[in-house]
C-alpha cells in the first residue's frame, strides 16, 4: 500500500516544492486552529493553500494526506476529517454549495495524558471545555436536539443566565454558547410551528465524532451511574 509521500511522487514538482507545500499546510492548520479557538478548517481552505501556485487537480489531496501523516508522527496530533451534518429540519435539502462545504478538519491530541497536561494543555481555557461538555451533555440527554428556551432553562438552574455578560468564570455566556456553534459542537436551526418560529440546538458533527461522543457518554455515565445509549449521526 502506497504511503502519502509515495503518492506525491507522481507529480512533476521537486522534492523541495513538495516539502514546502506540506509545511505550508501544516503551518496553516496549526495557526488557524489556534487563531479560531479550534473551529474546524474547511477542506477548501487547505486546497487553496496548495493551488495558489499549482494547478494539478489531484495535488491538494496528496499534500493534505502527507500533512496529516506528519502532524501525527511529529507533533502527535491527529487531523480528523469531519462531514458536515445537516439539521433534522433540512434533511431533504441539497445543493452544490452544501457539498463543497461538507468536509472540514480538526486536530486532536494523541499524546499521553501526562505529556499533554505538561506541555500542551492550556489551563486558561479549561473552564470553556467544562462548559462545552455540560451543554453537549444536556442536548445529548434530550436525544440530540433541544429547543433554545429549554436549554437555557437547564443552564439557568446551573446559575448560567443568558443575559450575563460578565460571569466571573465564563464571561459572556451567550457568546460561549455561540462559540460551540462556530466550533461545530452544536448547530442551530429555526423550525416553523403554530406559535411561530422556534430555535433549536442540535448536536453537530464534532459532538457526534467518535472520540468526543465517547467522552460525553463516559461523562454522563459517571454522573448518572448507568449506561447511556449513544446518539448516532444520520
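In our numbering, the protein residues as written are 12 to 245.
Here a beta-carbon is modelled for each residue, glycine too, at the ideal position from N, C-alpha and C.
| Item | Value |
| --- | --- |
| For the beta strand (DSSP E) that contains residue 118, what are its first and last residues? | 114-120 |
| Taking C-alpha atoms, which residue in 53, 30, 168, 22 lies nearest to residue 94? | 53 |
| Give the DSSP-derived three-state secondary structure of residue 52 in the structure shown. | strand |
| Rounded to a whole number of angstroms, what is the C-alpha to C-alpha distance between residue 88 and residue 176? | 34 Å |
| Let me know the secondary structure DSSP gives residue 207 once reduced to three states. | strand |
| By Cβ distance below 7 Å, which residues in the same chain neighbour residue 91 in space, the five residues on each side in sequence not counted? | 116, 117, 119, 220 |
| Enumerated in chain order, which unbroken segments of the beta strand (DSSP E) with a length of 3 residues or greater are wholly contained in the region 112-178? | 114-120, 156-158 |
| Suppose contacts are defined by Cβ-Cβ distances below 8 Å. Is residue 181 in contact with residue 138 by that definition? | yes |
| In terms of residue numbering, what span does the alpha helix (DSSP H) encompassing residue 39 cover? | 26-46 |
| Quick test of the definition: if touching needs 3 or more C-beta pairs under 8 Å, does the region 31-45 touch the region 120-136? | no |
| From 144, 200, 159, 204, pick the residue whose C-alpha is nearest to that of residue 234; which is it? | 144 |
| Please state the DSSP three-state secondary structure of residue 181. | coil |
| Using the rule of at least 16 other Cβ atoms within 10 Å of the residue's Cβ for burial, across every protein chain shown, is residue 225 buried or exposed? | exposed |
| Ends of the beta strand (DSSP E) at residue 94? | 88-94 |
| Okay, do the region 185-198 and the region 38-51 touch, 3+ Cβ pairs below 8 Å being the bar? | yes |
| Under a Cβ-count criterion, where at least 16 other Cβ atoms within 10 Å of its own Cβ denotes burial, should residue 171 be classed as buried or exposed? | buried |
| Which same chain residues end up closer than 7 Å to residue 60 when comparing Cβ atoms and leaving out the 5 residues on each side of it in sequence? | 35, 36, 39 |
| Comparing alpha-carbon positions, which option in 188, 32, 209, 236 lies nearest residue 142? | 188 |
| Just mark residue 246 as buried or exposed, buried being the case when its beta carbon has 16 or more other beta carbons within 10 Å. | Residue 246 falls outside the range modelled here, since the chain spans only 12 to 245, and no answer is possible. |
| Determine which residues share a DSSP beta bridge with residue 214 and list them. | 197 |
| Enumerate in chain order the residues of its own chain whose CB-to-CB distance from residue 32 is below 7 Å, with the five nearest sequence positions on each side excluded. | 61, 74 |
| Based on the DSSP output, what are the partners of residue 202 in its beta bridges? | 209 |
| For the candidate residues 154, 114, 77, whose alpha-carbon lies nearest to that of residue 26? | 77 |
| Near residue 230, which residues of its chain fall below 8 Å by C-beta distance, leaving aside the five closest residues on each side in sequence? | 144, 148 |
| Decide if residue 66 is buried, meaning its Cβ has at least 16 other Cβ atoms within 10 Å, or exposed. | exposed |
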